[in-house]
Amino acid sequence: PWYMCSCIIFIPFKMNNYKRIVYFLNKWQKVGDATAKPRNQFAFNQVLKRKILTVGHLNIEQYPNGQLMTNNTWKQQHFEIENTKINTIHANYMKGYENKKEFLMKNNYWFL
Numbered sequence: 709p710w711y712m713c714s715c716i717i718f719i720p721f722k723m724n725n726y727k728r729i730v731y732f733l734n735k736w737q738k739v740g741d742a743t744a745k746p747r748n749q750f751a752f753n754q755v756l757k758r759k760i761l762t763v764g765h766l767n768i769e770q771y772p773n774g775q776l777m778t779n780n781t782w783k784q785q786h787f788e789i790e791n792t793k794i795n796t797i798h799a800n801y802m803k804g805y806e807n808k809k810e811f812l813m814k815n816n817y818w819f820l
């Protein structure tokens, strides 16, 4: 089934869409407060299915998810090149802070 991650969200606030955005965010919060499931992504997707806002996806070539970054073939072809256009690595598809930190350190994307 279709399921969108709510980790990286860019919402351009403009006067012509302000009310719909506030409505969406309020619905997201209410659904999250009313469910025992993992609140953030579950609630986000429940409200997103109501089509209150038009959404798009980030370019996977520039914003690869954790599943792609753990695929050595894809990583060699797209990440381990000198002029890579990758902007952000999404450390999903793995659980726990330490696993995510280790993953980002291994790929030289941990800067703390």
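For what it's worth, the working numbering labels the leading residue of the sequence shown as 709, then goes sequentially.
Think of the CB as a built atom: it goes at the ideal place given N, C-alpha and C, for glycine as much as any other residue.
Which residue comes first and which comes last in the alpha helix (DSSP H) that contains residue i?
| i | result |
| --- | --- |
| isoleucine 729 | 726 to 742 |
| tryptophan 782 | 780 to 786 |
| methionine 777 | 774 to 777 |
| asparagine 822 | The structure shown does not extend to residue 822, since the chain is modelled only from 709 through 820, so no value can be given for it. |
What distance in whole Å lies between the Cβ atoms of residue j and residue i, which are believed to be in contact at a cut-off of 8 Å?
| i | j | result |
| --- | --- | --- |
| isoleucine 716 | threonine 778 | Actually they do not touch by this definition, with Cβ atoms about 18 Å apart. |
| glycine 774 | tyrosine 801 | 4 Å |
Thinking C-alpha only, which one of the options is nearest residue i?
| i | options | result |
| --- | --- | --- |
| serine 714 | Ala742, Phe721, Asn725, Val755 | Val755 |
| lysine 735 | Gly804, Asn753, Leu820 | Asn753 |
| threonine 762 | Leu820, Pro772, Asn725 | Asn725 |
| lysine 759 | Phe732, His765, Asn807, Trp782 | Phe732 |
| leucine 766 | Ile719, Lys757, Asn815, Lys803 | Ile719 |
| asparagine 815 | Val739, Lys738, Phe787 | Phe787 |
| lysine 822 | Leu776, Ile794, Ala751, Gly804 | Here the chain covers residues 709 to 820 and nothing more, so residue 822 does not appear. |
For residue i, collect the residues of the same chain with a Cβ closer than 7 Å to its Cβ; drop the 5 residues on either side in sequence, then sort them by chain order.
| i | result |
| --- | --- |
| glutamine 749 | Cys713, Ser714 |
For residue i, is the beta carbon positioned less than 6 Å from some heavy atom of the ligand ATP?
| i | result |
| --- | --- |
| leucine 812 | By its list of ligands, the structure shown contains no ligand whatsoever, and the ligand ATP lies outside what it can speak to. |
Excluding five sequence neighbours on each side, which residues of the same chain lie with their C-beta closer than 8 Å to the C-beta of residue i?
| i | result |
| --- | --- |
| isoleucine 768 | Leu776 |
If I measure Cβ to Cβ from residue i and keep anything under 6 Å in the same chain, skipping five residues before and after, which residues do I get?
| i | result |
| --- | --- |
| alanine 742 | none |
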